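Presented below is the structure to which this report refers.
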(Lines of atoms letter the chains of each structure in order from A; the text may use other names.)
(Lines give C-alpha, C1' and ligand atoms only; values in the text may rest on other atoms or scores of the structure.)
Protein backbone atom coordinates (compact mmCIF):
# COMPACT_ATOMS: atom_id res chain seq x y z
CA UNK A 22 0.00 0.00 0.00
CA UNK A 23 3.03 2.32 0.19
CA UNK A 24 2.42 3.04 -3.50
CA UNK A 25 -0.52 5.20 -2.40
CA UNK A 26 1.79 7.21 -0.15
CA UNK A 27 4.14 7.66 -3.05
CA UNK A 28 1.24 8.61 -5.34
CA UNK A 29 -0.05 11.30 -2.99
CA UNK A 30 3.26 12.45 -1.50
CA UNK A 31 3.32 15.55 -3.71
CA UNK A 32 -0.12 16.62 -2.50
CA UNK A 33 0.82 15.94 1.12
CA UNK A 34 4.09 17.84 0.85
CA UNK A 35 2.21 20.98 -0.27
CA UNK A 36 -0.24 20.91 2.63
CA UNK A 37 -0.18 23.84 5.01
CA UNK A 38 -0.85 23.52 8.72
CA UNK A 39 -3.71 21.10 9.41
CA UNK A 40 -6.08 21.89 12.27
CA UNK A 41 -7.84 18.91 13.84
CA UNK A 42 -11.13 20.00 12.30
CA UNK A 43 -9.82 20.88 8.84
CA UNK A 44 -11.96 19.67 5.95
CA UNK A 45 -10.74 16.67 3.94
CA UNK A 46 -8.37 17.44 1.06
CA UNK A 47 -10.30 16.85 -2.15
CA UNK A 48 -7.11 15.94 -4.04
CA UNK A 49 -6.74 12.98 -1.66
CA UNK A 50 -10.20 11.53 -2.30
CA UNK A 51 -10.05 7.80 -3.00
CA UNK A 52 -13.73 7.30 -3.84
CA UNK A 53 -17.23 8.55 -3.18
CA UNK A 54 -20.65 6.96 -3.13
CA UNK A 55 -23.16 9.73 -3.75
CA UNK A 56 -26.13 7.46 -3.25
CA UNK A 57 -25.04 6.64 0.30
CA UNK A 58 -23.46 10.03 1.03
CA UNK A 59 -20.07 8.40 1.65
CA UNK A 60 -16.58 9.67 0.88
CA UNK A 61 -13.20 8.10 1.56
CA UNK A 62 -9.88 9.98 1.60
CA UNK A 63 -6.30 8.90 1.67
CA UNK A 64 -4.24 9.35 4.84
CA UNK A 65 -1.08 7.34 5.59
CA UNK A 66 -2.45 4.55 7.79
CA UNK A 67 -1.16 1.55 5.82
CA UNK A 68 1.68 0.49 8.13
CA UNK A 69 1.29 -3.11 9.36
CA UNK A 70 3.46 -4.51 12.16
CA UNK A 71 4.42 -8.02 11.05
CA UNK A 72 5.64 -8.96 14.54
CA UNK A 73 2.70 -7.65 16.56
CA UNK A 74 1.67 -9.37 19.77
CA UNK A 75 -1.43 -7.23 20.26
CA UNK A 76 -3.75 -5.64 17.69
CA UNK A 77 -5.95 -2.72 18.72
CA UNK A 78 -8.89 -2.34 16.32
CA UNK A 79 -11.04 0.77 15.88
CA UNK A 80 -13.72 1.60 13.30
CA UNK A 81 -12.04 4.14 10.99
CA UNK A 82 -9.67 7.08 11.44
CA UNK A 83 -11.73 10.19 12.24
CA UNK A 84 -11.20 13.73 11.06
CA UNK A 85 -8.75 14.54 13.88
CA UNK A 86 -6.60 11.47 13.23
CA UNK A 87 -6.70 12.12 9.48
CA UNK A 88 -5.44 15.67 9.82
CA UNK A 89 -2.76 14.76 12.33
CA UNK A 90 -1.58 11.94 10.08
CA UNK A 91 -1.33 14.26 7.08
CA UNK A 92 0.55 16.87 9.11
CA UNK A 93 2.98 14.25 10.44
CA UNK A 94 3.44 12.80 6.96
CA UNK A 95 4.16 16.22 5.47
CA UNK A 96 6.79 16.80 8.14
CA UNK A 97 8.38 13.39 7.47
CA UNK A 98 8.50 14.00 3.73
CA UNK A 99 10.12 17.40 4.18
CA UNK A 100 12.63 15.85 6.60
CA UNK A 101 13.66 13.39 3.91
CA UNK A 102 12.31 10.22 5.53
CA UNK A 103 11.75 7.26 3.24
CA UNK A 104 8.23 5.90 2.70
CA UNK A 105 8.54 3.02 5.17
CA UNK A 106 9.92 5.25 7.92
CA UNK A 107 7.27 7.89 7.29
CA UNK A 108 4.20 5.64 7.45
CA UNK A 109 5.57 3.77 10.48
CA UNK A 110 6.15 6.99 12.41
CA UNK A 111 2.81 8.48 11.39
CA UNK A 112 0.88 5.52 12.74
CA UNK A 113 2.79 5.52 16.03
CA UNK A 114 2.23 9.22 16.62
CA UNK A 115 -1.35 9.49 15.44
CA UNK A 116 -3.08 6.23 16.45
CA UNK A 117 -5.69 6.88 19.15
CA UNK A 118 -4.26 10.37 19.63
CA UNK A 119 -5.76 13.25 21.57
CA UNK A 120 -8.13 12.53 24.46
CA UNK A 121 -8.54 8.95 23.23
CA UNK A 122 -4.95 8.10 24.15
CA UNK A 123 -5.42 8.36 27.92
CA UNK A 124 -8.71 6.44 27.70
CA UNK A 125 -7.20 3.51 25.81
CA UNK A 126 -4.11 3.43 28.03
CA UNK A 127 -6.21 3.40 31.21
CA UNK A 128 -8.50 0.76 29.72
CA UNK A 129 -5.63 -1.54 28.75
CA UNK A 130 -4.06 -1.13 32.19
CA UNK A 131 -7.37 -1.94 33.88
CA UNK A 132 -7.62 -5.10 31.77
CA UNK A 133 -4.08 -6.13 32.73
CA UNK A 134 -2.33 -5.82 29.38
CA UNK A 135 0.66 -4.02 30.86
CA UNK A 136 1.39 -7.14 32.91
CA UNK A 137 0.57 -9.56 30.11
CA UNK A 138 2.95 -7.75 27.76
CA UNK A 139 5.67 -7.11 30.37
CA UNK A 140 5.27 -3.34 30.60
CA UNK A 141 5.04 -0.91 33.47
CA UNK A 142 2.24 0.93 31.68
CA UNK A 143 0.35 0.40 28.42
CA UNK A 144 1.47 3.86 27.28
CA UNK A 145 4.71 2.11 26.29
CA UNK A 146 2.88 0.75 23.24
CA UNK A 147 3.33 4.23 21.77
CA UNK A 148 7.00 4.40 22.73
CA UNK A 149 9.46 1.70 23.80
CA UNK A 150 7.04 -1.18 23.11
CA UNK A 151 5.72 0.13 19.80
CA UNK A 152 7.34 -2.88 18.10
CA UNK A 153 4.77 -5.30 19.60
CA UNK A 154 1.53 -3.50 18.70
CA UNK A 155 -0.45 -3.01 15.53
CA UNK A 156 -2.89 -0.09 15.55
CA UNK A 157 -5.58 -0.45 12.91
CA UNK A 158 -9.19 0.14 11.92
CA UNK A 159 -11.83 -1.93 10.18
CA UNK A 160 -11.84 0.76 7.50
CA UNK A 161 -8.19 1.67 6.98
CA UNK A 162 -8.71 5.09 5.44
CA UNK A 163 -10.90 7.94 6.77
CA UNK A 164 -14.53 7.52 5.73
CA UNK A 165 -17.12 10.26 6.08
CA UNK A 166 -20.88 10.09 5.94
CA UNK A 167 -22.42 13.34 4.75
CA UNK A 168 -19.32 15.19 5.92
CA UNK A 169 -19.19 13.64 9.39
CA UNK A 170 -17.03 10.81 10.71
CA UNK A 171 -18.42 7.42 9.69
CA UNK A 172 -19.89 5.70 12.74
CA UNK A 173 -21.32 2.22 12.13
CA UNK A 174 -23.98 3.05 9.53
CA UNK A 175 -24.46 1.96 6.84
CA UNK A 176 -23.29 -1.59 7.57
CA UNK A 177 -19.93 -2.02 5.80
CA UNK A 178 -20.99 -5.38 4.41
CA UNK A 179 -23.90 -3.68 2.64
CA UNK A 180 -21.85 -1.14 0.65
CA UNK A 181 -19.37 -2.40 -1.95
CA UNK A 182 -16.75 0.27 -1.28
CA UNK A 183 -16.83 -0.30 2.46
CA UNK A 184 -16.82 -4.07 2.04
CA UNK A 185 -13.74 -3.74 -0.14
CA UNK A 186 -11.96 -1.80 2.62
CA UNK A 187 -12.88 -4.60 5.03
CA UNK A 188 -11.87 -7.55 2.86
CA UNK A 189 -9.06 -6.16 0.72
CA UNK A 190 -7.68 -3.91 3.43
CA UNK A 191 -8.29 -4.95 7.02
CA UNK A 192 -8.72 -8.71 6.53
CA UNK A 193 -5.73 -8.86 4.19
CA UNK A 194 -3.60 -7.03 6.75
CA UNK A 195 -4.57 -9.59 9.41
CA UNK A 196 -3.05 -12.28 7.22
CA UNK A 197 0.31 -10.52 7.54
CA UNK A 198 0.16 -10.44 11.35
CA UNK A 199 1.21 -13.46 13.48
CA UNK A 200 -1.66 -15.82 14.24
CA UNK A 201 -0.58 -15.70 17.88
CA UNK A 202 -1.31 -11.96 18.16
CA UNK A 203 -4.18 -11.01 20.46
CA UNK A 204 -6.97 -9.07 18.81
CA UNK A 205 -8.65 -6.37 20.90
CA UNK A 206 -11.80 -5.07 19.16
CA UNK A 207 -12.76 -1.71 20.61
CA UNK A 208 -16.53 -1.58 20.93
CA UNK A 209 -19.36 -3.98 20.15
CA UNK A 210 -19.63 -2.85 16.53
CA UNK A 211 -16.01 -3.78 15.84
CA UNK A 212 -16.54 -7.08 17.66
CA UNK A 213 -19.59 -7.90 15.53
CA UNK A 214 -17.78 -7.15 12.26
CA UNK A 215 -14.73 -9.13 13.41
CA UNK A 216 -16.99 -12.08 14.25
CA UNK A 217 -18.57 -11.94 10.79
CA UNK A 218 -15.15 -11.86 9.12
CA UNK A 219 -14.16 -14.83 11.26
CA UNK A 220 -17.21 -16.75 10.03
CA UNK A 221 -15.85 -16.18 6.50
CA UNK A 222 -12.49 -17.67 7.56
CA UNK A 223 -10.73 -14.33 7.07
CA UNK A 224 -9.30 -14.00 10.59
CA UNK A 225 -6.23 -16.18 11.27
CA UNK A 226 -5.91 -15.01 14.88
CA UNK A 227 -7.85 -16.38 17.84
CA UNK A 228 -10.73 -14.15 18.92
CA UNK A 229 -11.30 -13.94 22.66
CA UNK A 230 -14.83 -14.88 23.65
CA UNK A 231 -16.60 -15.18 26.98
CA UNK A 232 -19.84 -17.09 27.37
CA UNK A 233 -19.90 -17.44 23.59
CA UNK A 234 -19.64 -13.69 22.91
CA UNK A 235 -16.70 -11.71 21.53
CA UNK A 236 -15.14 -9.58 24.27
CA UNK A 237 -15.06 -5.90 23.32
CA UNK A 238 -13.61 -3.23 25.62
CA UNK A 239 -15.14 0.20 24.94
CA UNK A 240 -13.84 2.35 22.13
CA UNK A 241 -11.85 5.23 23.70
CA UNK A 242 -13.72 8.05 21.93
CA UNK A 243 -15.50 10.71 23.96
CA UNK A 244 -18.86 9.27 22.89
CA UNK A 245 -18.08 6.27 25.09
CA UNK A 246 -17.04 8.19 28.19
CA UNK A 247 -19.78 6.56 30.24
CA UNK A 248 -18.65 3.04 29.30
CA UNK A 249 -14.99 3.86 29.97
CA UNK A 250 -15.89 5.29 33.38
CA UNK A 251 -17.89 2.18 34.27
CA UNK A 252 -15.07 -0.11 33.20
CA UNK A 253 -12.44 1.83 35.15
CA UNK A 254 -14.59 2.20 38.26
CA UNK A 255 -13.00 0.73 41.38
CA UNK A 256 -16.39 -0.26 42.73
CA UNK A 257 -18.96 -1.29 40.13
CA UNK A 258 -22.36 0.22 40.97
CA UNK A 259 -25.58 -1.69 41.51
CA UNK A 260 -27.62 -1.47 38.32
CA UNK A 261 -30.88 0.06 39.47
CA UNK A 262 -29.17 2.62 41.69
CA UNK A 263 -26.81 3.55 38.88
CA UNK A 264 -29.57 3.98 36.31
CA UNK A 265 -31.67 6.09 38.67
CA UNK A 266 -28.76 8.32 39.73
CA UNK A 267 -27.77 8.87 36.11
CA UNK A 268 -31.31 9.82 35.18
CA UNK A 269 -31.60 12.31 38.05
CA UNK A 270 -28.24 13.86 37.12
CA UNK A 271 -29.41 14.10 33.50
CA UNK A 272 -32.55 15.97 34.50
CA UNK A 273 -30.67 18.31 36.84
CA UNK A 274 -28.02 19.13 34.25
CA UNK A 275 -30.74 20.24 31.83
CA UNK A 276 -28.53 19.73 28.79
CA UNK A 277 -31.64 18.49 27.05
CA UNK A 278 -32.83 22.11 26.83
CA UNK A 279 -30.47 22.44 23.86
CA UNK A 280 -32.38 19.75 21.98
CA UNK A 281 -34.52 20.80 19.04
CA UNK A 282 -37.75 20.33 20.99
CA UNK A 283 -36.30 21.48 24.29
CA UNK A 284 -37.57 18.38 26.08
CA UNK A 285 -35.71 15.65 27.96
CA UNK A 286 -35.41 12.19 26.48
CA UNK A 287 -38.21 9.84 27.48
CA UNK A 288 -37.38 8.29 30.84
CA UNK A 289 -37.74 4.71 29.60
CA UNK A 290 -35.49 5.32 26.59
CA UNK A 291 -32.82 7.08 28.66
CA UNK A 292 -32.78 4.40 31.34
CA UNK A 293 -32.70 1.61 28.76
CA UNK A 294 -29.51 3.07 27.28
CA UNK A 295 -27.91 3.30 30.72
CA UNK A 296 -28.83 -0.32 31.49
CA UNK A 297 -27.31 -1.43 28.20
CA UNK A 298 -24.02 0.34 28.95
CA UNK A 299 -23.97 -1.04 32.48
CA UNK A 300 -24.58 -4.61 31.30
CA UNK A 301 -21.99 -4.34 28.54
CA UNK A 302 -19.26 -3.16 30.90
CA UNK A 303 -20.20 -5.74 33.53
CA UNK A 304 -19.69 -8.37 30.84
CA UNK A 305 -16.23 -7.02 29.96
CA UNK A 306 -15.20 -6.83 33.62
CA UNK A 307 -16.33 -10.41 34.22
CA UNK A 308 -14.58 -11.60 31.04
CA UNK A 309 -11.29 -10.09 32.27
CA UNK A 310 -11.76 -11.27 35.84
CA UNK A 311 -12.33 -7.82 37.31
CA UNK A 312 -14.42 -7.92 40.47
CA UNK A 313 -17.81 -6.30 39.95
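In this note's numbering, the protein residues as written are 22 to 313. Just so you know, even glycine gets a beta-carbon here, dropped at the ideal spot from N, CA and C. For clarity, every value in this text was computed on a predicted model and none was experimentally measured.
Residue i to residue j, Cα distance in whole Å?
i	j	result
residue 271	residue 126	28 Å
residue 307	residue 300	11 Å
residue 399	residue 44	Here the chain covers residues 22 to 313 and nothing more, so residue 399 does not appear.
residue 200	residue 234	20 Å
residue 249	residue 73	25 Å
residue 157	residue 286	35 Å
residue 208	residue 101	38 Å
residue 273	residue 283	14 Å
residue 291	residue 33	44 Å
residue 70	residue 138	16 Å
residue 120	residue 289	31 Å
residue 168	residue 134	36 Å
residue 149	residue 81	25 Å
residue 83	residue 61	11 Å
residue 310	residue 255	13 Å
residue 247	residue 52	35 Å
residue 170	residue 163	8 Å
residue 85	residue 46	13 Å
If distances are taken between C-alpha atoms only, which option among the options comes closest to residue i?
i	options	result
residue 312	121, 88, 132 and 120	132
residue 244	97, 88, 124 and 47	124
residue 304	53, 265, 230 and 83	230
residue 239	81, 259 and 206	206
residue 302	134, 128 and 72	128
residue 56	182, 294, 289 and 186	182
residue 49	130, 69, 88 and 75	88
residue 194	247, 184 and 159	159
residue 258	285, 295 and 275	295
residue 263	279, 297 and 242	297
residue 198	224, 175 and 215	224
residue 153	203, 196 and 175	203
residue 293	83, 260, 38 and 80	260
residue 191	232, 103, 76 and 172	76
For residue i, I'd like the list of residues in its chain whose CB is within less than 6 Å of its CB, leaving aside the five on either flank, ordered along the chain.
i	result
residue 111	65, 90, 93 and 94
residue 17	This structure cannot speak to residue 17, because the chain is shown only from 22 to 313.
residue 226	200, 202 and 204
residue 210	173
Counting only the same chain and skipping the five closest in sequence on each side, list residues whose C-beta sits under 7 Å from that of residue i.
i	result
residue 166	58 and 59
residue 212	206, 235 and 237
residue 114	93
Quick one: what's got a C-beta closer than 8 Å to residue i's C-beta in the same chain, skipping five residues either side?
i	result
residue 106	97
residue 184	177 and 178
residue 216	228 and 235
residue 187	159, 160, 177, 178, 214 and 218
In terms of residues, what are the limits of the beta strand (DSSP E) holding residue i?
i	result
residue 165	164-166
residue 228	Residue 228 -> no beta strand (DSSP E), and no H or E assigned at all.
residue 75	75-79
Examine chain B for any beta-carbon lying closer than 9 Å to the beta-carbon of residue i, and answer yes or no.
i	result
residue 44	Structure shown: chain B not included; a single protein chain is present.
On the DSSP letters alone, give me the boundaries of the alpha helix (DSSP H) that residue i sits inside.
i	result
residue 303	288-308
residue 322	Because the chain here runs from 22 to 313, residue 322 falls outside it and cannot be looked at.
residue 210	209-220
inquiry  = Under 8 Å, with one C-beta from each stretch per pair, do the region 254-274 and the region 141-148 reach the 3-pair mark?
reply    = no
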